[in-house]
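What follows is a short report on a single structure.
There are 2 protein chains.
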Amino acid sequence: MTLSRRSLLSGLAAVPVAGLASPTILRAASHSAAETAAAPTLPVAYHSFQIGSAKITALLDGHFLLNTGQINGFDQVQADATLEGSFYRIKDSEMSLPVNGYLVEQGGAVTLIDAGTADLFGPILGGLEAALRAAGKTPEEITTVVVTHLHPDHIGGLIAGDGTARFPNAEIIVGQGEYDFWHDDAVYAGVPQENRGFFDIARASVAPYADRLKMFEGEADVMTGLRSVPLPGHTPGHCGFMLETGAAPLLIWGDLIHSTALQFARPNWTLAFDMDPEQTVNSRTRMLDRAASEGLLVTGMHLDFPGLGRVERDGDAYAFDQAPWQFSL
Amino acid sequence: MTLSRRSLLSGLAAVPVAGLASPTILRAASHSAAETAAAPTLPVAYHSFQIGSAKITALLDGHFLLNTGQINGFDQVQADATLEGSFYRIKDSEMSLPVNGYLVEQGGAVTLIDAGTADLFGPILGGLEAALRAAGKTPEEITTVVVTHLHPDHIGGLIAGDGTARFPNAEIIVGQGEYDFWHDDAVYAGVPQENRGFFDIARASVAPYADRLKMFEGEADVMTGLRSVPLPGHTPGHCGFMLETGAAPLLIWGDLIHSTALQFARPNWTLAFDMDPEQTVNSRTRMLDRAASEGLLVTGMHLDFPGLGRVERDGDAYAFDQAPWQFSL
Chain A
1 MTLSRRSLLS GLAAVPVAGL ASPTILRAAS HSAAETAAAP TLPVAYHSFQ
51 IGSAKITALL DGHFLLNTGQ INGFDQVQAD ATLEGSFYRI KDSEMSLPVN
101 GYLVEQGGAV TLIDAGTADL FGPILGGLEA ALRAAGKTPE EITTVVVTHL
151 HPDHIGGLIA GDGTARFPNA EIIVGQGEYD FWHDDAVYAG VPQENRGFFD
201 IARASVAPYA DRLKMFEGEA DVMTGLRSVP LPGHTPGHCG FMLETGAAPL
251 LIWGDLIHST ALQFARPNWT LAFDMDPEQT VNSRTRMLDR AASEGLLVTG
301 MHLDFPGLGR VERDGDAYAF DQAPWQFSL
Chain B
1 MTLSRRSLLS GLAAVPVAGL ASPTILRAAS HSAAETAAAP TLPVAYHSFQ
51 IGSAKITALL DGHFLLNTGQ INGFDQVQAD ATLEGSFYRI KDSEMSLPVN
101 GYLVEQGGAV TLIDAGTADL FGPILGGLEA ALRAAGKTPE EITTVVVTHL
151 HPDHIGGLIA GDGTARFPNA EIIVGQGEYD FWHDDAVYAG VPQENRGFFD
201 IARASVAPYA DRLKMFEGEA DVMTGLRSVP LPGHTPGHCG FMLETGAAPL
251 LIWGDLIHST ALQFARPNWT LAFDMDPEQT VNSRTRMLDR AASEGLLVTG
301 MHLDFPGLGR VERDGDAYAF DQAPWQFSL
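Chains A and B are the protein sequences, given in the same order.
Our numbering applies: residue 1 is where the first sequence begins, and numbers increase by one.
Our numbering applies: residue 1 is where the second sequence begins, and numbers increase by one.
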């Protein structure tokens, strides 16, 4: 299957599904045709830090707006109490959330973990490739792309505008269960026509890598120094990755948390994007608890850029302690 | 007076003065001749945020290493207690501190507040101009440079390698008292020959702007929307600037704090760079107290990049609450 970017966008723009797409994506996608040409240049932001033998670079793709109507269980009074005294604000029922990817350089491998949105979300996102280049690497130099799950803001950047591989020399590592779900024709057949955009994008994004696709199952060493950590719920095969660095391990946890502002304090609040909310909360609280107990260094694809920090316990819930810019270990 | 960069560096390298220079500067300066050619590319980091009608861009010049021996009153046990559980570490008696400059775009003015080190501190600093360019502005587009004080890490970037003005179209705004101190021939005559590097740099950096130098005294409207806030002690004329934005004021406080890690918690700890330690502490505690009381937004030239945050009270001392990357107001 090779779909052009244009057909993917039109497919995505037609998706009104709770649990898969959202008004935010719809709006961002509907922006793209009209506004891409006149888009202001996105700020370029990357941030490198060293942990043991690994050089990690956070790559900012951009920010999207989450509407509080997309938060399951959202309560304005509780949200106000959580945000009081902080820098976070809900404005016109919206909050700004980043999309990050992470470059890992270790032992000769140049690994990208998640690939950003490219142009799938319009001009307010899609900065990851420019950030990668500003950090001194080209798409051609990437040896491996590891993906946490097959949602469009994580894999949009896998393919170029013409549907070909954006990383011509990279192998792609993806969970078998995640791959299977989005490629399951029975599931696809049961999804209404207008909801198939996510499936089409998932399929089209990995298709050009068919001859260099490496799958793993459950908890596995997916490459040297990188072990998968299944965190199902957000999607069936959603997972994080534990990076061994020789100093301290770094957990790159994908979409375990979408809102730094709200979900550490209220881990039971899920998003319309979380396909199985109960399993999402279960994976989240188990992982947050472990991260706090072990004092793990963590990063995530929607943690406030650059995303490096640690989880702390705060009463019955949690808090995020972000590392200062100059932190290295 | 026009000094070449080379003669400035040799002057600086000769300065062993507590209260003016430091072993760190010596070491950084001594690096530069040998290592500049082979220096790795500095990471480029800038971060823009909007506050009301002002677009502010933090520009990272780089990081230098502060030796704890340069901290007046430093106590390892107290430091360990302050840093416990945080990301901050003292390694081989050193801590990494940033140098930031701030670009302010408002009402047609393109204002740079402090100009970074250029090549005065060797290859680990000097990134400000690249950050400025990455943010979309050239030195030629700067209409005004405002300086908090005339230390080399704030004004090194004012001049090019040949001693000419790096900002050919900018007027320079500097405090009269600060200017006078570094240009006082009686003071200069009393300073040992080997300690005159700072004076030579201060003089040489503003000299090319002699015909477009604007001075102010005390608390004054130095340009539209920007008011000086005297904070003497670090240098005789050291000051911050209060930016009026129409939303909330932003205090750009220069060197009120050098170590985000230590000095909010221990505001009585001064550095060897602070010329009058008692006055430094007095200015600091008064300003921190006001910032906490008023909930002021603040940035600073040595606050952890990008430096935007607020001051909170923490018992008898203070803490810093850093704004998330996506914060705008």
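Built from N, CA and C at the ideal position, the CB exists for glycine as well.
Exposed or buried, which one is residue i when buried takes at least 16 other CB atoms within 10 Å?
i: A/Val-298; result: buried
i: A/Pro-208; result: buried
i: B/Val-187; result: exposed
i: A/Asp-221; result: exposed
i: B/Arg-196; result: buried
i: B/Gly-108; result: exposed
i: A/Ser-32; result: With a pLDDT of only 40 at A/Ser-32, under 50, the local geometry of the prediction cannot be trusted, and the value read off the model is given with reservation. A/Ser-32 should be labelled buried.
i: B/Gly-295; result: exposed
i: B/Ser-93; result: exposed
i: B/Gly-315; result: exposed
i: A/Gln-76; result: exposed
i: A/Lys-91; result: exposed
i: B/Glu-35; result: With a pLDDT of 39 at B/Glu-35, under the threshold of 50, the modelled position of this residue cannot be trusted, and the question is left open.
i: A/Gln-193; result: exposed
i: B/Ala-37; result: Residue placement at B/Ala-37 is poorly supported in this model, since its pLDDT is 41, which falls under 50; the coordinates still yield a value, given next. Exposed.
i: B/Thr-164; result: exposed
i: A/Ile-25; result: Model confidence at A/Ile-25 stands at a pLDDT of 42, short of 50, so the residue's coordinates are unreliable and nothing is read from them.
i: A/Ala-21; result: With a pLDDT of only 40 at A/Ala-21, under 50, the local geometry of the prediction cannot be trusted, and the value read off the model is given with reservation. Classification for A/Ala-21: buried.
i: A/Ser-53; result: exposed
i: B/Gly-254; result: buried
i: B/Gly-85; result: exposed
i: A/Ser-259; result: buried
i: B/Ser-293; result: exposed
i: A/Glu-105; result: buried
i: B/Thr-111; result: buried
i: A/Thr-138; result: exposed
i: B/Asp-185; result: exposed
i: B/Gly-69; result: exposed
Among the options, whose alpha-carbon lies nearest the alpha-carbon of residue i?
i: A/Val-229; options: A/Ala-204, A/Asp-211, A/Asp-316 and A/Met-287; result: A/Met-287
i: B/Glu-171; options: B/Thr-235, B/Pro-324, B/Phe-181 and B/Ser-205; result: B/Ser-205
i: B/Asp-61; options: B/Asp-119, B/Leu-250 and B/Glu-94; result: B/Asp-119
i: A/Thr-285; options: A/Leu-296, A/Ile-159, A/Ile-257 and A/Asn-169; result: A/Ile-257
i: A/Pro-168; options: A/Met-223, A/Asp-211 and A/Asp-180; result: A/Asp-211
i: B/Leu-66; options: B/Leu-329, B/Leu-271 and B/Gln-279; result: B/Leu-271
i: B/Leu-150; options: B/Tyr-179, B/Ala-79 and B/Gln-322; result: B/Tyr-179
i: B/Leu-303; options: B/Ala-292, B/Ala-45 and B/Phe-320; result: B/Phe-320
i: B/Ala-130; options: B/Phe-181, B/Arg-266 and B/Thr-41; result: B/Thr-41
i: B/Thr-343; options: B/Ser-283, B/Asp-185, B/Met-215 and B/Ala-134; result: The shown model of chain B, from 1 to 329, leaves out residue 343 of chain B, and the question about it has no answer.
i: B/Arg-227; options: B/Gly-73, B/Tyr-88, B/Val-146 and B/Phe-198; result: B/Val-146
i: B/Ala-291; options: B/Arg-203, B/Glu-312 and B/Gln-176; result: B/Glu-312
i: A/Gly-218; options: A/Leu-308, A/Phe-49 and A/Gln-176; result: A/Gln-176
i: B/Pro-98; options: B/Tyr-88, B/Ile-173, B/Gly-233 and B/Met-301; result: B/Met-301
Just to check my reading of the structure: residue i and residue j have Cβ atoms closer than 8 Å, yes? What is that Cβ distance to the nearest angstrom?
i: A/Leu-128; j: A/Leu-59; result: 5 Å
i: B/Gly-225; j: B/Leu-231; result: Not quite, the Cβ-Cβ distance comes to about 19 Å (not below 8 Å), so this is no contact.
i: B/Asn-327; j: B/Asn-100; result: Looking at the sequence provided, one finds Phe at residue 327 of chain B rather than Asn. Not a contact, Cβ separation roughly 16 Å.
i: A/Ile-201; j: A/Ile-113; result: That pair is no contact at about 19 Å.
i: B/Phe-121; j: B/Asp-80; result: Not really, about 28 Å apart at Cβ, beyond 8 Å.
i: A/Ile-71; j: A/Trp-269; result: 5 Å
i: A/Ile-51; j: A/Leu-250; result: 6 Å
i: B/His-238; j: B/Thr-148; result: 6 Å
i: A/Thr-235; j: A/Phe-181; result: 7 Å
i: B/His-63; j: A/Ala-45; result: Not confirmed; about 17 Å, so no contact.
i: A/Ile-155; j: A/Ala-189; result: Not a contact, Cβ separation roughly 22 Å.
i: B/Ala-317; j: B/Pro-267; result: 6 Å
Going along chain B in order, which residues have a C-beta closer than 8 Å to the C-beta of residue i?
i: A/Gln-106; result: The contacting residues do not exist; A/Gln-106 stays about 18 Å from chain B at best.
i: A/Thr-41; result: Gly-136
Give the interface partners of residue i over in chain B, defined as CB-CB distance under 9 Å, in chain order.
i: A/Thr-260; result: Pro-324
i: A/Ala-45; result: Ala-45, Tyr-46, His-47 and Trp-325
Given that residue i touches chain B, what residues does it touch there, using C-beta distances under 7 Å?
i: A/His-63; result: Gln-326
Any heavy atom of the ligand FMN within a distance shorter than 8 Å of the CB on residue i?
i: B/Gly-161; result: The ligand FMN is absent from the structure shown, which contains no ligands of any kind.
Who are the neighbours of residue i on chain A, taking C-beta pairs under 7 Å?
i: B/Ser-96; result: Gln-326
Could you please tell me which residues of the region 288-301 of chain B, in chain order, have their CB closer than 8 Å to any CB of chain A? none
By the 9 Å beta-carbon criterion, what residues does the region 127-138 of chain A contribute toward chain B? Ala-134, Ala-135 and Gly-136
Along the region 71-88 of chain B, what residues have a CB closer than 9 Å to any CB found in chain A? Gly-85, Ser-86, Phe-87 and Tyr-88
Anything in the region 302-314 of chain B with a Cβ closer than 7 Å to a Cβ of chain A? List those residues in chain order, please. Asp-304 and Phe-305
Give the residues from the region 252-278 of chain B that approach chain A closer than 9 Å (Cβ to any Cβ), ordered along the chain. Thr-260 and Ala-261
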